[in-house]
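Scroll down for the structure; my scribbles are underneath it.
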Amino acid sequence: MSAINAFNPAVHVASADTTPAIIQAARKLRNMFKEAHPFARDTAYLRPHPVAWEFYTSKLGRAAKFYSLGVVLFFGWPFAMKYAVNYRNGLYDVPKKSRRG
1 MSAINAFNPA VHVASADTTP AIIQAARKLR NMFKEAHPFA RDTAYLRPHP VAWEFYTSKL
61 GRAAKFYSLG VVLFFGWPFA MKYAVNYRNG LYDVPKKSRR G
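Heads up, the sequence shown is in the UniProt record's numbering, so the first residue is 1 and it goes up one at a time.
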């Protein structure tokens, strides 16, 4: 079989007549199970529903406690470990001298 290019164009294009019967039967079988309606709904016919603010605020309130604690632990543990290691080794944070004093 030769390659299709500019010098050897594809003269023969497959049509429904040349498609094998098994493929035609498979297409008919596939089309039998297709849905008759489109998948997307037209938004002009759908009315927007009200937002359940009470539900979302209660969920946010419960989750915010754990997320805020998680953020403090995630970003704060290096500072806590610095303090613990320095305290264990006898290094204490001394207040810096102020410029006024």
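Beta carbons: idealized from backbone N, C-alpha and C, even for Gly. Here the structure is a predicted model, which means the values were calculated and not measured.
Problem - is_contact[F75, chain C] using C-beta, thresh 8 Å - result: Structure shown: chain C not included; a single protein chain is present.
Practice task
For the alpha helix (DSSP H) holding T57, just list the boundary residues, first then last.
Solution key: Translated into positions along the sequence shown, residue 57 becomes position 57. T57 -> alpha helix (DSSP H) spans 53 to 88.
Exercise for the section: Give the DSSP-derived three-state secondary structure of K28 in the structure shown. Expected result: Start at 1 with the first residue of the sequence shown, and residue 28 comes out as number 28. Helix, per DSSP.
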